[in-house]
Amino acid sequence: MYFLYSLAIICYAILRAPRLLYDAVRHGKYFGTLGERWGRLPAAINPRGVPSIWIHAVSVGEVLATGALIPALRDRYPDHPLWLSTTTQTGRAAATTLGGVDGLFYFPFDLSPVVARVLDRVRPALFVMVDTELWPNLLRHCTLRGVKTVLVNGRISDRSYPRYRLVRPFFRHVLAGVDRCCAQNEESGRRLIDLGAPPTRVTVTGNLKFDTLTVPDARSPWVRDGVLRAFRIAEGRTVVMAASTHPGEETPVLEAFASIRRADPTALLVVAPRHPERCGEVTALAAGQGLETVRRSELPVDGDPRAAVVVLDTVGELATLFQIATVVFLGGSLVPAGGHNILEPAAWGKPVVFGPHMENFAEIAALFLTNRAACQIRSAGALEPALSTLLGDPVQRAALGAAARALVEANRGATDRSLAVMAALLPPAGGAPAGVVMPFR
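Numbering (the numbering used here), first residue to last: 1 to 441.
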């Protein structure tokens, strides 16, 4: 079975090679990363060859989810170096902003000789997978070497669940080798068990992302943050933020904003494409609508942006910029991309509008809608009326924002529950209290 899986990876890589080569030449992707992906890690990774903790977070969202977990692991396991791997370059960029890790590297190709070489170097006592990063060959080698493995913030989305079920006999073997699975919610816990995880190894611990958010002090002036020195917004200026947009979403956003701009000529739109390489395309779309447009990297310091549209072409600033928004549209939701994380604008008490496609965050979206903490629209045509209604009703904006912030504050604690699970696998030095976490029922 593992041989067929490895063969499938090789065939997939061959088929994907032309596209990967195009991205490498056109967008500069992958250059300088192949050595690490083939298991040749930098010399700075575990030069002393001591037992360590290896955390893997595929991209930006998963990296940010570790924001509270990594400092807690550092405190509990001071004798174990912490290594963080990512799959994407944007994830790597986000990881460089984290403190607490001893080194970064790109996740290796999941082929036996490659993962064996990485394990020889990293020598993990504990391997931590964030979200749903199940790599069969790596997990098999961890089991053979006695490396404890834990899935944290585990999530099986509506979109990925049917795909996993197609290969359930194989994934039953894979999940049998995972020592513990910490699921975000009851539904993901049930799905992990259905796919083959032993029920006694599955625990619902909650969503780590609630813990990574620092609930801001509304009394503190937003201008204190250096990132915001390019956004010294004039008092009373309307700011519409379109966060993590995908192809097919910018046009309805721009059309909606053009209508808003006619009613409020000073309104500002900040567009943050999900993939930074699309900034040129988005800038051209905005300019094509007759809107004065500028990239974030071109903004002068200490000035209110004079353009009507700012395209965010930087990585890692979006979470900070939510605080200047009057209303937020969450991208990936008007097109079938599964949606994105509501929590960052919610922590700032901002009213959030999203479309019908929130499959990857279905439970969080339902929680916000049930508590009247967000607004969902059914089509692109409903975006402009929804935004205009909120912009014209400060009472409704305040109510949505306050409810969103309250939900963030009420759903913390996943980090401590996940740590308790890990402590049962790798007891902390000095006998630090592990807490009690009940298995899934």
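Beta carbons: idealized from backbone N, C-alpha and C, even for Gly.
Chain-order list of residues whose beta-carbon lies under 7 Å from that of residue i (same chain, five-residue window excluded)
i, result
"Ala51", "Checking the sequence shown, residue 51 turns out to be Pro, not Ala. Here the set comprises His80, Arg123, Ala125."
"Thr283", "Thr293, Arg295, Val311"
"Val239", "Ile233, Leu268, Val270, Ile324, Ala325, Thr326"
"Gln289", "Leu254, Ala258"
In DSSP terms, what residue i is bridged to
i, result
"Gly103", "Trp83"
"Gln376", "Phe354"
"Arg237", "According to DSSP, which records beta bridges pairwise, Arg237 is partnered with nothing at all."
"Pro124", "Ser52"
"Ala403", "In DSSP, Ala403 forms no bridge with anything."
"Val335", "Answer is none; Val335 lacks a bridge partner."
"Arg295", "Val311"
Beta-carbon gap between residue i and residue j smaller than 8 Å
i, j, result
"Ala72", "Thr370", "no"
"Pro136", "Trp38", "no"
"Arg229", "Val315", "no"
"Ala65", "Val130", "yes"
"Glu523", "Val335", "The question about residue 523 has no answer, for the chain in this structure spans 1 to 441."
"Phe171", "Tyr161", "no"
"Val178", "Leu139", "yes"
"Pro252", "Leu134", "no"
"Ile70", "Gly35", "no"
"Arg201", "Leu425", "no"
"Ala183", "Val204", "yes"
"His275", "Gly332", "no"
"Ser59", "Leu208", "no"
"Leu82", "Ile53", "yes"
"Arg159", "Glu344", "no"
"Leu299", "Met241", "no"
"Leu41", "Val118", "yes"
Own chain residues within Cβ distance below 8 Å of residue i, not counting five before or after
i, result
"Ala263", "Ser388"
"Val223", "Caution is warranted here: a pLDDT of 46 is assigned to Val223, below 50, making its placement in the model unreliable, and the coordinate value is therefore given only provisionally. Within the same chain, Val223 has close Cβ partners Arg229, Arg232."
"Cys375", "Pro351, Val352, Val353, Phe354, Ala386, Leu390, Leu400"
"Phe361", "Gly338, Gly339, His340, Asn341, Ile342"
Contacting residues, own chain, Cβ-Cβ under 6 Å from residue i (five flanking each side not counted)
i, result
"Ala404", "Ala346, Ala373"
"Gly147", "For clarity, residue 147 is Val in the given sequence; the question names Gly instead. Hits under 6 Å: Pro124, Phe127."
"Asp211", "Ala68, Arg412, Ala414, Thr415"
"Ala44", "Gly103"
"Met1", "Phe170"
"Glu62", "Val130, Asp131"
Residue i - DSSP class collapsed to helix/strand/coil
i, result
"Asn341", "coil"
"Met1", "coil"
"His56", "strand"
"Phe354", "strand"
"Arg180", "strand"
"Thr132", "coil"
"Ser157", "coil"
"Arg278", "helix"
"Phe109", "coil"
"Leu98", "coil"
"Pro78", "coil"
"Leu330", "strand"
"Val223", "With a pLDDT of 46 at Val223, under the threshold of 50, the predicted position of this residue should be treated as unreliable, and no value is reported."
"Arg232", "coil"
"Leu269", "strand"
"Val204", "strand"
"Ala325", "coil"
"Ala43", "coil"
Identity of the residue in the options nearest residue i by Cα
i, options, result
"Gly338", "Glu317, Thr326, Glu363, Lys350", "Glu363"
"Ala307", "Val202, Arg237, Gln89", "Arg237"
"Ile10", "Arg229, Phe361, Gly413, Asp110", "Asp110"
"Trp442", "Ile193, Ala8, Leu213", "Residue 442 is absent from the model: the chain starts at 1 and stops at 441."
"Gly49", "Asp120, Val174, Val150", "Asp120"
"Gly91", "His141, Ala44, Thr33", "Thr33"
"Glu235", "Leu268, Phe210, Asp211", "Leu268"
"Gly154", "Gly189, His173, Val101, Ala325", "Gly189"
"Thr326", "Ala420, Ser418, Arg117, Val270", "Val270"
"Thr86", "Pro78, Asn341, Thr96", "Thr96"
"Thr88", "Val115, Phe105, Thr149, Val114", "Phe105"
"Pro265", "Val309, Asp393, Thr132, Leu84", "Val309"
"Ala319", "Pro305, Ile260, Ala243", "Ala243"
"Ile260", "Asp158, Leu291, Ser157, Glu186", "Leu291"
"His357", "Asn185, Ile377, Ala93", "Ile377"
"Ser459", "Gly280, Ala8, Leu98", "Past the boundaries of the shown model lies residue 459; the chain is included only from 1 to 441, so the question cannot be answered."
"Pro198", "Val174, Asn185, Glu187", "Val174"
"Met422", "Val152, His141, Asp313", "Val152"
"Ala286", "Ala406, Ala256, Gly381", "Ala256"
"Leu144", "Ser157, Asp158, Ser112, Ile156", "Ser112"
"Ala93", "Phe329, Ala380, Glu317, Leu330", "Glu317"
"Arg397", "Asp304, Val328, Ala57", "Val328"
"His56", "Leu84, Arg74, Pro47", "Leu84"
beta-carbon residue i near the ligand FAD non-hydrogen atom, thresh 7 Å
i, result
"Thr33", "By its list of ligands, the structure shown contains no ligand whatsoever, and the ligand FAD lies outside what it can speak to."
Cβ of residue i within 8 Å of any chain D Cβ
i, result
"Ala386", "Looking at the structure shown, chain D is missing, and only one protein chain is on hand."
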